[in-house]
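Q: Quick note on our numbering: the sequence shown kicks off at 51 and runs consecutively. For glycine and all other residues, C-beta sits at the position ideal for the given N, C-alpha and C. For clarity, every value in this text was computed on a predicted model and none was experimentally measured.
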Amino acid sequence: MNCDFFIPIDDTSIPTGEILSVKGTPFDFTSPKAIGKDIDADDQQIKNGAGYDHCWVCNKKEVGELTFAGRLTEPKSERTLEIYTTEPGVQIYTDNWATGYPIQFGATAPRRSSICFECQHFPDSPNRPYFPSTVLKPGEKYTQKTIYKFGVK
51 MNCDFFIPID DTSIPTGEIL SVKGTPFDFT SPKAIGKDID ADDQQIKNGA
101 GYDHCWVCNK KEVGELTFAG RLTEPKSERT LEIYTTEPGV QIYTDNWATG
151 YPIQFGATAP RRSSICFECQ HFPDSPNRPY FPSTVLKPGE KYTQKTIYKF
201 GVK
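#1: How do the segment 141-150 and the segment 90-106 stand: do at least 3 beta-carbon pairs fall below 8 Å, yes or no?
#2: In whole angstroms, what is the alpha-carbon distance linking glutamate 112 and cysteine 166?
#3: So which of Thr117, Thr123, Gly67, Phe181 has the shortest CA-CA distance to lysine 203?
#4: Going by other Cβ atoms of all chains shown within 10 Å of its Cβ, with 16 needed for buried, is serine 175 buried or exposed?
#5: Quick one: using the 10 Å Cβ neighbour count with 16 as the cut-off for buried, is glutamine 95 buried or exposed?
#6: To which residues does DSSP link valine 140 through a beta bridge?
#7: Should proline 179 go down as buried or exposed, given a rule of 16 or more other Cβ atoms within 10 Å for buried?
#8: Excluding the 5 residues flanking alanine 148 on each side, which residues of the same chain have their C-beta closer than 6 Å to its C-beta?
#9: Any beta-carbon of chain C closer than 8 Å to the one on threonine 149?
#10: Consult DSSP for lysine 187 and reduce its assignment to one of helix, strand or coil.
#11: Relative to the C-alpha of threonine 193, which candidate in Lys199, Ala91, Val185 has its C-alpha closest?
#12: Would you call the CB atoms of methionine 51 and threonine 80 closer than 8 Å?
#13: Could you work out which residue in Val72, Ile89, Lys110, Ala157 is closest to proline 138 when comparing CA atoms only?
#14: Could you round the C-beta distance between lysine 195 and leucine 131 to whole angstroms and report it? I think they count as a contact, below 8 Å.
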């Protein structure tokens, strides 16, 4: 992830309003590592989200610029997903609360069998004046761009 910070949540999954460094935490994906490596770490934020359900703060030089946010690589097939966005954050959710749900051909998807990368403004932005604004005034237009680029390593 091209994200040096994340937004912690309380025990009800509401953002606390803090912005914390990922360094030395289970949220540090600034170098490649398996998603599951620290997903059950003895860390209060991991416990609060039952895994990953947090917003990472994208490293940006300018507000609204299209920047590389992160890359996911599946090690066996070497399929890749790269994310680029103009949004300031990426909410990452690892399907922590699933207990098994039906998918195709009678199979069941167990807990943490999927991951979401949701490019967005920071959760609870309207209540945090120091977060990037989500206010849209009459006559203004909201635009954003997110690119999900699939490939093979």
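A: On the basis of the supplied data:
#1: yes
#2: 25 Å
#3: Thr123
#4: buried
#5: buried
#6: Trp106, Cys169
#7: exposed
#8: Arg161
#9: Absent from the structure: chain C. Only one protein chain is present.
#10: coil
#11: Val185
#12: yes
#13: Lys110
#14: With a Cβ gap of about 16 Å, lysine 195 and leucine 131 do not count as contacting.
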